[in-house]
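Peer 1: The structure is given below, and queries will be raised subsequently.
In structure tokens, the structure reads:
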């Protein structure tokens, strides 16, 4: 959509099935079973085929899990299996116009790397949002939060969380 190659109206159960035919082909003979399983988890109940936003969200949720979350969890497990108990992860869910490349009518997704403008404070990205009057007070609070977290980590290493009233639990391995 960002490149203008598709629109929201493109998303439907049929388009998701076509996409999965290609990207789920490595499941071989159980591909249909896997898709049904994923839809049972991620598809909202009672959506119609012309609820394009719901199908876009379903596709996004399925492939976020497949393309990002599953690999991150696997990597965390590798660290834990090698006796590293200092494994921390986060899922960034803050909605902001800062750094947003495109808008989806009726939905404000949080794309992969959406936290980077709050960590690196890239001037062109912030300038665009400021000039467009899209920056809200929560954006500055989020930038301050990341600034504090990274600064404390640089100063104290793994003991950074003890400097705050916030407590983060390390990731646990469980089967």
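Residue numbers (my numbering): 4 to 178. All C-beta atoms in this analysis are idealised placements derived from N, C-alpha and C, irrespective of residue type, glycine included. Since the model is a prediction, treat every value here as computed from it, not as a measurement.
1. For residue 110, which residues does DSSP report across the bridge?
2. Residue 110 to residue 54, Cα distance in whole Å?
3. Curious, which full-length beta strand (DSSP E) runs of at least 3 residues does the region 56-110 contain?
4. What residues in its chain sit with their C-beta under 6 Å from that of residue 82, if we drop five residues either side in the sequence?
5. Would residue 52 and residue 99 qualify as a contact pair, given that the criterion is a beta-carbon distance under 7 Å?
6. Whose C-beta lies closer than 6 Å to the C-beta of residue 132 among residues of the same chain, with five residues either side of it excluded?
7. Looking only at C-alpha atoms, which of 108, 40, 97 sits nearest to residue 116?
8. Should residue 65 be labelled buried (16 or more other beta-carbon atoms within 10 Å of its own) or exposed?
9. The alpha helix (DSSP H) that contains residue 141, what's its start and end?
10. Please name the residue in 95, 57, 20 whose C-alpha comes closest to that of residue 113.
11. Exposed or buried, which one is residue 103 when buried takes at least 16 other CB atoms within 10 Å?
12. Do you know whose CA, among 88, 160, 62, lies nearest residue 27's CA?
13. Kindly indicate the opening and closing residues of the alpha helix (DSSP H) around residue 128.
14. Please list, in chain order, all residues of the same chain as residue 13 whose beta carbon is under 6 Å from its beta carbon, the five residues on each side excluded.
15. By the DSSP assignment, the alpha helix (DSSP H) with residue 24 in it spans what residues?
Peer 2: Answer, in terms of the structure:
1. In the DSSP assignment, residue 110 is bridged to 107.
2. Taking the straight line joining both Cα atoms gives about 12 Å.
3. For the region 56-110, not a single whole beta strand (DSSP E) run of length 3 or above is found.
4. Close CB contacts of residue 82 within its chain, under the 6 Å cut and outside five residues either way in sequence, are with 90 (chain order).
5. Not closer than 7 Å, so no.
6. The beta carbon of residue 132 sits closer than 6 Å to those of 100, 101, 138, all from its chain and outside the five residues before and after it, given in chain order.
7. Considering only alpha carbons, the answer is 97.
8. Residue 65 should be labelled buried.
9. 140-159 is the extent of the alpha helix (DSSP H) around residue 141.
10. Here the closest residue by C-alpha is 95.
11. Here residue 103 is buried, its C-beta having at least 16 other C-beta atoms within 10 Å.
12. Restricting attention to 88, 160, 62, the CA atom closest to the CA of residue 27 is found in 62.
13. Residues 126-134.
14. Excluding sequence neighbours, residue 13 sits near nothing in its chain.
15. Per DSSP, residue 24 belongs to the alpha helix (DSSP H) from 16-26.
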